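S.K.: Take 0 as the starting number for the sequence shown in numbering that gives the first Met the number 0 and just add one per residue.
Virtual Cβ for every residue (Gly too), placed ideally from N, Cα, C.
On a predicted model such as this, the values are computed, not experimentally measured, just so you know.
Input: one structure, supplied below.
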Amino acid sequence: MRRRSFKQLVADYQAMPGGDLNREIAYMSEIIPVLLKHRAAALTARRRQRRTPRA
Numbered sequence: 000m001r002r003r004s005f006k007q008l009v010a011d012y013q014a015m016p017g018g019d020l021n022r023e024i025a026y027m028s029e030i031i032p033v034l035l036k037h038r039a040a041a042l043t044a045r046r047r048q049r050r051t052p053r054a
């Protein structure tokens with residue numbers, strides 16, 4: 000499965016017709032790793048900000 004950007008995943012989900020649980024489950028299984036990656040990057044950025052001495 001090819002990784003897609005978060006924006007593309009959201010656009011694809013919003014374009015889906017409602018009521019298709021199998022597609023929704025497949026979407027969630029694809030987007031959760033992306034969300035975790037974004038969260039990890041945000042936490043790392045926060046840690047780096049705290050380490051830099053303030054003038």
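When DSSP labels each residue in this structure, what does Met15 get in the three-state scheme?
M.R.: Of the three classes helix, strand and coil, the one that applies to Met15 here is coil, per DSSP.
S.K.: Would Ile30 and Leu8 be called neighbours here (beta carbons separated by less than 8 Å)?
M.R.: The answer is yes: Cβ separation under 8 Å.
S.K.: What is the DSSP secondary structure of Val1, counted as helix, strand or coil?
M.R.: The sequence shown places Arg at residue 1, not Val. The answer is coil: DSSP assigns Arg1 none of H, G, I, E or B.
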